[in-house]
Amino acid sequence: MTPLDSMNPAQREAITLSPDVSNIKDILIVAGAGSGKTRVVVNRIAYLMSEHRVHPGHIVGLTFTRKAAKEMSARLTSMVNAGRHVKLCTFHTLAADLIRGASSEHIEIIDDTDQKRMIKNILKEKDLLSTFKPKDFIEWLSSQRNQCIDPEVALESDSEDITLLRDIAKDYRTTKRNLGRHGVSDFDDLLEKAYFMLRDNEGIRKRIQARWRYLFVDEYQDTNTLQFRFLELLRGPRTQRCMVGDEDQLIYAWRGADIGYIMRSYFASLKSEETHCVMLNTNYRCSGSILSLANAIIAENEQRTGKELDAHKPKGAPVQVCEFYSPSEEGDFVADWIEDHAGRNIDYGEMAILVRQNRLARDVERAMIKSGTPYVMHNGVAMFDSLEVKLLMNLLLLAHMPSESFYLQGVLSSIKVGVGVGDAGFLKYAKEKPPEQDWLSFAQSHKTLSKKSNFIDLLHFVDQAGEHLASGALEIAAQFLVREMDLMRFFKEEERENRSETVNVCLQVMNDYEHEASLRNVKPNIIDFQEQRLLNDALVDKMERGAVNIMTVHKSKGLEFKAGVILGMEDGVFPSGNPDEFFAQDFEEDRRLAYVAITRFMENLLVTRSRNRVGFNTMGGFSSLLDHHLAKLEEKGYVALE
DNA sequence: GCTGAGCTGATTTTT
DNA sequence: TCAGCTCAGC
């Protein structure tokens with residue numbers, strides 16, 4: 197445990213607050229950027245265990261990302277060995293555990309790609325593809341469900357479009373129920389099902405509530421209605437809840453995060469003794485200049501607690517603000533700036549270039565190549581979303597469920613074996629095939645399909661892979677498909693090397709999984725593997741040492757860098773939207789986003805803007821988020837305009 | 001069924 | 001600017 201006297205008074209208070217729930221029901225830790233939030237949470241958990249003899253099995257900590265859960269767990273375990281037994285996981289993982297605890301069955305989870313494909317099928321079937329894009333429907337549905345609104349219940353105010361969306365939602369639910377061995381769940385289903393289970397089943401609810409005596413919630417400001425209600429049901433009369441968050445760092449309102457929840461807790465703490473609020477106001481990360489800029493911007497927001505962060509570090513170098521005529525000029529300058537700082541003994545890996553949108557990085561990327569500056573783009577597709585791994589997963593899922601058309605469709609959509617995915621081909625056969633019959637025997641006895649030798653071969657390979665799967669040899673089955681089918685031949689020559697590398701990593705992950713499954717006494721199987729990799733297996737993003745990190749502001753949340761650039765600070769880009777309509781726009785979230793971006797940096801920060809940017813309406817000028825602060829900040833030496 | 005030319009319409013992303 | 005899609009032609 198970190199000694200308490202190395203903490204500031206607020207941190208110490210948060211760590212040592214009374215664990216007696218009759219004293220304090222809720223703890224709200226409002227933790228500003230760089231104020232040592234994780235350190236405080238982890239130390240409080242350790243403190244509860246060591247000073248108050250709280251059993252680790254009575255503590256649960258919920259995060260929004262697998263990475264955060266993993267990090268917290270690692271830090272806790274390095275402090276107290278018994279920390280291993282504290283449950284630190286994502287909302288979704290806990291939800292899945294609760295569901296499994298009640299039914300003991302594997303949960304078949306479909307990922308985003310499969311969800312999108314399923315919805316596309318439904319839209320096509322209903323001839324609505326020209327009316328709604330799959331993405332639009334997915335966003336609508338998810339936002340309804342995250343607000344705990346039943347998407348299928350008609351309202352009087354429904355427009356024609358909404359009525360259609362409700363119909364699609366019904367079909368989607370039916371389709372999920374009919375897929376797989378016992379139906380499949382999407383990510384929202386996990387939370388929703390766990391929530392309904394706790395809400396409607398008093399016995400289960402009481403048991404769960406009695407189990408968790410200390411409930412921690414990380415990034416509380418990101419809570420949506422469904423998560424909020426889920427948290428309410430998780431806590432029993434004897435549970436003390438500790439919520440940690442920062443309203444100024446809420447950047448996911450567009451995804452349903454509701455700032456009202458953290459604000460309500462804050463106001464409750466002003467009125468009642470039951471909720472205790474601790475403010476962590478000292479920023480240990482940023483130079484005084486950097487923090488002054490961040491503070492000036494965020495102070496304009498209405499929806500906040502009104503805290504102001506104090507810089508622990510001295511003023512340091514002023515934030516440089518530069519304007520350019522074109523993105524290519526901007527890119528060149530940024531590359532030079534990075535090289536200049538690399539020359540001042542800052543490692544490339546300790547620097548970052550943050551952008552509002554991925555496509556803004558293009559010109560800077562060109563400039564970096566030109567100057568030979570090493571960089572990593574963090575916009576990449578996660579390994580399990582890559583085409584080659586999706587193909588392999590679909591093949592294995594088909595091998596596991598040989599009669600299932602959905603996964604075969606997934607396979608056919610990425611490789612060509614003489615049967616296309618269109619109405620004239622695959623869809624027609626899928627309708628002819630009896631639902632219970634496996635595809636191999638159906639195709640072999642079908643007069644046209646039986647002549648499509650590539651297709652039949654494919655099904656033979658899948659069939660044989662299925663035998664390996666049945667004996668629990670997941671990696672062998674996958675390896676068999678890769679080698680015997682010569683999977684790589686389906687990809688373009690120039691892509692093969694990369695894709696083959698991804699597949700090898702995937703095989704390694706499967707191998708690790710098999711070991712891990714045997715430790716859990718689970719016979720390795722593809723459904724469980726899918727669950728593990730989607731919910732529990734944090735793929736650590738490769739923060740390469742020795743390369744500048746280029747990423748979006750959203751991706752940068754929670755990270756820190758010694759020096760770097762926020763690029764494209766202009767109206768129409770950051771804040772985004774159409775400058776002509778700014779009069780009606782709410783800038784609170786854009787300010788928070790700027791605040792998050794600026795507070796990532798410790799020592800040196802460059803903010804840039806380009807006048808002409810093709811594809812954007814940049815008529816507005818320099819970002820109105822900071823424009824009017826610049827003169828005053830320059831006067832005080834916090835900012836240097838160049 | 002597959003391929004390439006031409007059109008369209010654009011944040012941010014985790015589980 | 002480009003990815004992702006449609007549609008005509010093989």
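My numbering puts the first residue of the first sequence at 197, with every later residue one more than the last. Even for Gly, the Cβ is constructed at its ideal location relative to N, Cα and C.
Straight through space, the alpha carbons of Ala464 and Asp559 are spaced by roughly 48 Å. Using a Cβ distance threshold of 7 Å, Leu763 and Val551 count as a contacting pair. Take Gly279, set aside five residues on each side of it, and the residues of its chain with a beta-carbon closer than 6 Å to its own are Leu272 and Thr273, in chain order. Scanning the segment 375–437 for uninterrupted alpha helix (DSSP H) segments of 4 residues or longer gives 383–396, 398–407 and 421–430, listed from N- to C-terminal end. Boundaries of the alpha helix (DSSP H) harbouring Gln605: Ser601 to Ser610, taken from the DSSP string. Judged by DSSP secondary structure, Ser806 falls within the beta strand (DSSP E) whose first and last residues are Phe797 to Ser806. The beta carbon of Leu801 sits closer than 6 Å to the beta carbons of Ile486 and Val515 from its chain, once the five residues preceding and following it are set aside; these are given in chain order.
Within the model, the alpha-carbon separation for Asp708 versus Leu822 is close to 49 Å. Spanning the alpha carbons of Asp308 and Asp222 requires a straight line of approximately 35 Å. It is roughly 11 Å from the alpha-carbon of Tyr462 to the alpha-carbon of Asp442. The DSSP-derived three-state label of Val744 is strand. Three or more Cβ pairs closer than 8 Å define a contact, and the segment 697–715 meets that threshold against the segment 578–592. Straight-line measurement puts the Cα of Lys627 at about 33 Å from the Cα of Leu731. Looking from the CA of Gly539, the closest CA among Arg481, His281, Gly742 and Ala639 belongs to Gly742. By the 16-neighbour rule on beta-carbons within 10 angstroms, Val701 is exposed. Under the three-state reduction of DSSP, Gln633 is assigned to coil, being neither helix nor strand. Note on geometry: alpha-carbon atoms of Ala265 and Cys285 lie some 5 Å from one another. In its chain, beyond the 5 residues on either side, Arg552 and Phe812 have a beta carbon closer than 6 Å to the beta carbon of Val769.
Cβ atoms of Met747 and His574 come within 8 Å of each other, at about 4 Å.
Taking the Cα of Ala291 as reference, the smallest distance to any Cα among Asp382, Lys366, Ser610 and Lys586 is reached at Asp382. By the beta-carbon neighbour count (other beta carbons within 10 angstroms, threshold 16), Ile723 is buried. DSSP assignment within the segment 473–511 yields the following whole alpha helix (DSSP H) runs of 4 residues or more, N-terminal first: 484–494. At least 7 Å separates the beta-carbon of Pro598 from that of Asp653. Check the Cα spacing between Tyr603 and each of Ile306, Leu244, Trp533 and Asn554: the tightest is with Ile306. Sixteen is the threshold: since fewer than 16 other Cβ atoms of the shown chains lie within 10 Å of the Cβ of His824, the residue is exposed. In this structure, the alpha-carbon of Pro720 lies about 18 Å from that of His378. If the five residues before and after Ala227 are omitted, its C-beta is found closer than 6 Å to the C-beta atoms of Lys233, Val440, Asp442 and Leu476, all from its own chain and listed in chain order. Close CB contacts of Val585 within its chain, under the 8 Å cut and outside five residues either way in sequence, are with Met579, Thr698, Val699 and Cys702 (chain order). For Val678, the enclosing alpha helix (DSSP H) covers residues Leu670 to Glu680.
Assignment of beta-bridge partners to Leu258 by DSSP yields Cys285 and Val413. Ala661 is not a Cβ neighbour of Leu645, given a cutoff of 7 Å. When the five nearest sequence neighbours on each side are left out, the beta carbons in the same chain lying within less than 6 Å of the beta carbon of Lys629 are those of Phe638, in order along the chain.
DSSP lists Leu802 and Ala836 as the beta-bridge partner residues of Gln516. Excluding its 5 nearest sequence neighbours in each direction, Lys283 has C-beta neighbours in its own chain below 6 Å: Val256, listed in chain order. Boundaries around Met245 are those of the alpha helix (DSSP H), Lys233 to Glu247, since no beta strand (DSSP E) includes it. Judged by pairs of C-beta atoms under 8 Å, the segment 307–324 touches the segment 333–351, as three or more such pairs exist.
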